[in-house]
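Notes for the one structure printed next.
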Amino acid sequence: MLEKAYEMRDLLARHVKGDFLREDELLQLDQWLQANGFTRESLTDHSLQELALYTQKAALFNPGKKRLPKVIRMHVFRMQFIRITAAAVVLALLSLVAYWGINRNPSTPSQPVTQHQPTDISPATSQAILTLADHSTIQLGATGQDTVVYQDGSVIRRTQDGLVYAPAGTNEAPDPQKSIGFNTLTTPEGGFYRVTLPDGSGVWLNAASSLKFPPSFSADERLVELTGEGFFDIQRKYIAGTKTRIPFRVKTAQGIIEVTGTRFNVNVYNDADNQVTTLVEGAVTIRSNSHQIPACQLLPGQKALSVPGKAIVISPANIAAATGWMKGWFTFEKAGIKEAMQQIARWYGVEIKYGPGMPGGPVIDGSVERTIPLSNLLTQLEATIGENLQFRMEGKVVFVSVRK
1 MLEKAYEMRD LLARHVKGDF LREDELLQLD QWLQANGFTR ESLTDHSLQE LALYTQKAAL
61 FNPGKKRLPK VIRMHVFRMQ FIRITAAAVV LALLSLVAYW GINRNPSTPS QPVTQHQPTD
121 ISPATSQAIL TLADHSTIQL GATGQDTVVY QDGSVIRRTQ DGLVYAPAGT NEAPDPQKSI
181 GFNTLTTPEG GFYRVTLPDG SGVWLNAASS LKFPPSFSAD ERLVELTGEG FFDIQRKYIA
241 GTKTRIPFRV KTAQGIIEVT GTRFNVNVYN DADNQVTTLV EGAVTIRSNS HQIPACQLLP
301 GQKALSVPGK AIVISPANIA AATGWMKGWF TFEKAGIKEA MQQIARWYGV EIKYGPGMPG
361 GPVIDGSVER TIPLSNLLTQ LEATIGENLQ FRMEGKVVFV SVRK
């Protein structure tokens, strides 16, 4: 029964977000809700707000996860599974929906994390810096729509969907001998941005990341360089007059990721000392910088862990966890407190300081929305982790300490 509840949780979340549901999925959802005393039509904003009062942890139910989050109590350093009935799952489902509704029109106050500042810290916004080949820079924000510059056969436009590189009215392939160099798109802490590359491929950059690429690709190769985290949606391209695909390569500190047409996520922050590549669809080949380490090919639903000097490890991937950042979620999988706070620090652009006695093992497994003010997020984390950790904000510094 619980497995059915988890399946219906995902369908309900998709329905509320406006995603397409097949007729058979809608029928399953209706039958299940009715069996538990609810209907889709009864899910008004008013009823959802009332239902939300039953729980303050609604944001921890990620629509992409196939199970309810586990709360890890640090004083015993082991996971404690939440025992829950199918009826309670229904309540949690509806509370999640209520959280989304309330987030649009906030009306339920919550106990704030201790703050020593007059204003809260907002989540990341769409912002980046574009560095051109001549080292000049252009500030990019969430607003504005105009032509930025013409460069190497491409016109660079800033649109509401991000930066777009497009051919400047010519069908001629760029001459590598006349290439004027690379551009670099950099997001700061507290920023994210999207770029459409000259071949039509899309790249979404997470906070504190950078992408280096040419303003136009050559006729037989597409090469970019990534630091930080990015999601790639690569278009298939062919060498003119042939059926030979033009490879797309992503160079990182750990090696080369080679694809033709596919969708995948790469997390390769410098402070992590490893790389995690998660494949959503298509196929990718991962090559280490060391020629002694064999290359590996990923299939959809797999991830590869690359660590310097070690063999590449392939394992099943949690796609929702890997790509949750694109959809407004922090998704933690058995994460330690420092791992979780590192992500939060990049997104909100804050510094984290730790008191003595921090636990070394996992403390949280679940998801929380990252489109809310920092104090709200910390309040939710504090409630989820338990009474053993507490957070205190002073300006742009968050202090994490063990509760005495």
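Under UniProt numbering, think of the first position of the sequence shown as 1, with each following residue one higher. Here a beta-carbon is modelled for each residue, glycine too, at the ideal position from N, C-alpha and C.
query = Helix, strand or coil for Tyr-269 per DSSP?
reply = Here the question's residue 269 lines up with position 269 in the sequence shown. Here Tyr-269 sits in coil by DSSP.
Beta strand (DSSP E) runs wholly inside the stretch 296-346, at least 3 long, in chain order = 296-298, 302-306, 313-316 and 329-336
key: Cβ neighbour criterion (16 or more within 10 Å) applied to Tyr-238   = Numbered from 1 along the sequence shown, position 238 holds the residue referred to as residue 238. Per the 10 Å Cβ criterion, exposed.
Supposed close pair Arg-382, Leu-389 - CB separation, criterion 8 Å = In the sequence shown, counting from the first residue as 1, residue 382 sits at position 382. In the sequence shown, counting from the first residue as 1, residue 389 sits at position 389. Just to set this straight, residue 382 is Glu in the shown sequence, not Arg. Between Leu-389 and Glu-382 the Cβ distance is about 7 Å, and since that is below 8 Å, they are a contact.
As assigned by DSSP and simplified to three states, the class of Pro-63 = What you label residue 63 is simply residue 63 of the sequence shown in a count that begins at 1. Confidence at Pro-63 is low in this model, with a pLDDT of 37, below 50, so its placement is unreliable and no value can be given for it.
task = Over the uninterrupted beta strand (DSSP E) stretch that includes Asn-183, give me the two end residues.
result = What you label residue 183 is simply residue 183 of the sequence shown in a count that begins at 1. Residues 183-187.
message = What does the alpha-carbon distance come out to for the pair Gly-261 and Val-284?
response = Locating residue 261 in the sequence shown gives position 261, counting from the first residue. Locating residue 284 in the sequence shown gives position 284, counting from the first residue. Rounded to whole angstroms, Gly-261 to Val-284 spans 9 Å at the Cα level.
ask   = Between Thr-302 and Ala-317, is the Cβ-Cβ spacing less than 9 Å?
value = Against the sequence shown, residue 302 aligns to sequence position 302. Against the sequence shown, residue 317 aligns to sequence position 317. Note on identity: in this sequence residue 302 is Gln, with Thr being the wrong assignment. Yes, they are a contact pair.
inquiry  = If you follow the beta strand (DSSP E) that Gln-275 is in, where does it begin and where does it stop?
reply    = In the sequence shown, residue 275 corresponds to position 275, counting from 1. 275-281 is the extent of the beta strand (DSSP E) around Gln-275.
Cα-Cα separation, Pro-362 to Trp-329 = Your numbering for residue 362 matches position 362 in the sequence shown. Your numbering for residue 329 matches position 329 in the sequence shown. Approximately 19 Å, taken between the alpha carbons.
query = Would you say Thr-125 and Thr-131 are within 9 Å of each other, going by their C-beta atoms?
reply = As a working mapping, residue 125 is identified with position 125 in the sequence shown. As a working mapping, residue 131 is identified with position 131 in the sequence shown. Against a cut-off of 9 Å, the Cβ pair of Thr-131 and Thr-125 comes out as no contact.
inquiry  = Just list the residues that DSSP pairs Ile-246 with in beta bridges.
reply    = Here residue 246 corresponds to residue number 246 of the sequence shown, with the count starting at 1. Partner(s): none; Ile-246 has no beta bridge.
Start-to-end residues for the alpha helix (DSSP H) that takes in Ile-385 = Here the question's residue 385 lines up with position 385 in the sequence shown. Where Ile-385 is concerned, the enclosing alpha helix (DSSP H) stretches over 374-385.
task = Starting from the Cα of Asn-270, find the closest Cα among Thr-252, Ala-304 and Glu-281 and give me that residue.
result = Within the sequence shown, residue 270 is the residue found at index 270, counting from 1. It is Thr-252 whose Cα lies nearest to the Cα of Asn-270.
query = Considering Pro-362, what are the terminal residues of the beta strand (DSSP E) in which it resides?
reply = On the sequence shown, residue 362 is found 362 positions in, with the first residue counted as 1. That run of the beta strand (DSSP E) goes 362-369.
key: Endpoints, beta strand (DSSP E) assigned at Arg-194   = The residue labelled residue 194 in the question sits at position 194 within the sequence shown. Its beta strand (DSSP E) spans residues 191-196.
ask   = Are the CB atoms of Gly-241 and Arg-287 nearer to each other than 9 Å?
value = In the sequence shown, the residue the question calls residue 241 occupies position 241. In the sequence shown, the residue the question calls residue 287 occupies position 287. No; because the gap between Cβ atoms is not below 9 Å, this pair is not in contact.
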